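Quick note on numbering: our numbering labels position 247 of the sequence shown as 249, and the sequence is numbered without any gaps.
For reference, the structure discussed in these notes is given below.
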Amino acid sequence: MNHLIKSNMEEIIKEVASLLAASKHIVAFTGAGMSAESGIPPFRGEGGIWNKYDPESLDIEYYYRHTQQSWSIIRKVFYDYFNNSEVKPNPGHEVLAKWENDGRLDCVITQNIDDLHTVAGNTKVLEFHGNMSRFVCTKCGKKFPAKSIKMTYLPPECPECEGLLKPDFIFFGEGIPQEAYYGSIDAAENCDAFIIIGTSGQVSPANMIPGIAKQHGAKIIEINMEPSAYTKHISDYFIQGKSGEILPQIDALI
């Protein structure tokens, strides 16, 4: 049966709930769409950050050569705008945290650099692109909570060695953290249900992870506002809508 062409969304949600209830190893793979439901704008597409700012500001070499110019944009976008009291986990985040606590969810693989999964209660989070809630020293390598850094200082310096600090997320020109990279592959290879949430599948190399899960026999469940690069190629179930609305509906049926 081709689940992608079923018109009755309620039936699809019931089937997905039954599938997840019977699954022993579930992995969630989240992208910008999930964070957008909490008020964080995406980088790409309509209303995206790169429509307002030059992506070069997040190039690692540019950060080293033009630190003050780069930092002024980073501070404005990530720490003045994102980091406010109105940005909170949405019901979708809360369901994933509940599933981990219940022993149902193995881990979350996220492309997002916010801390919303952790704030919601997930502890097994593979941060494919790092996390803006930490800073790392480019000289001594020590890491510090972003809340401990005085954002008024431009550029920020390491409180230990006075080296240059940078947000602990991946800049253009940097490699993916090995622990997150290999951990994501391992999780994809060993799950029997893989949930794609709020991602278009356009960002490499993260976009290869769902395909690995498919190749190893996992059922692919996709929750997205619009069809993605995965929908017609690997998704077994496509549920169109907001994860903050769909995940609670699924959870209520498990």
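Quick reminder that beta carbons are idealized off the backbone N, C-alpha and C, glycines included.
Just so you know, these numbers come straight off a predicted model, no measurement behind them.
Out of the options, which one is the CA nearest neighbour of residue i?
i, options, result
"Lys78", "Thr154, Pro250, Glu162", "Thr154"
"Glu191", "Asp117, Ile214, Ile225", "Ile214"
"Ile223", "Pro229, Gly105, Ser237", "Ser237"
"Met11", "Ile241, Gln251, Lys100, Pro250", "Ile241"
Going by DSSP in three states, residue i sits in which element: helix, strand or coil?
i, result
"Met134", "strand"
"Thr32", "strand"
"Thr112", "strand"
"Asp188", "helix"
"Pro212", "helix"
"Phe174", "strand"
"Pro169", "strand"
"Gln204", "coil"
"Glu339", "There is simply no residue 339 to check, as the chain begins at 3 and stops at 256 in what is shown."
"Glu162", "coil"
"Lys152", "coil"
Between the C-alpha atoms of residue i and residue j, what's the straight-line distance to the nearest angstrom?
i, j, result
"Tyr239", "Lys152", "46 Å"
"Gly177", "Gly203", "18 Å"
"Ala189", "Ala254", "25 Å"
"Gly246", "Asn92", "6 Å"
"Ile62", "Gln251", "42 Å"
"Glu159", "Asn103", "38 Å"
"Tyr232", "His95", "22 Å"
"Ile248", "Phe31", "15 Å"
How far does the alpha helix (DSSP H) with residue i in it extend, from its first residue to its last?
i, result
"Ile254", "The sequence as given places Ala at residue 254; Ile does not occur at that position. It spans 245-255 - the alpha helix (DSSP H) in which Ala254 sits, taken as one unbroken run."
"Tyr65", "62-67"
"Leu118", "118-122"
"Pro93", "93-103"
"Lys16", "11-24"
Where do the N-terminal and C-terminal ends of the beta strand (DSSP E) with residue i fall, by residue?
i, result
"Ala195", "195-199"
"Glu224", "221-226"
"Ile236", "Here Ile236 belongs to no beta strand (DSSP E), and DSSP marks it neither H nor E."
"Glu129", "127-129"
"Pro57", "Where Pro57 is concerned, there is no enclosing beta strand (DSSP E), given that its DSSP letter is neither H nor E."
When every heavy atom of the ligand GDP is checked, does at least one fall within less than 6 Å of the C-beta of residue i?
i, result
"Gly213", "For the ligand GDP, the structure offers nothing, since it holds no ligand at all."
Evaluate the contact criterion for the stretch 109-119 versus the stretch 22-42: three or more CB pairs, one atom per stretch, below 8 Å. Segments in contact, yes.
With a threshold of 8 Å, are at least 3 pairs of Cβ atoms found where one atom belongs to the stretch 130-142 and the other to the stretch 162-170? yes
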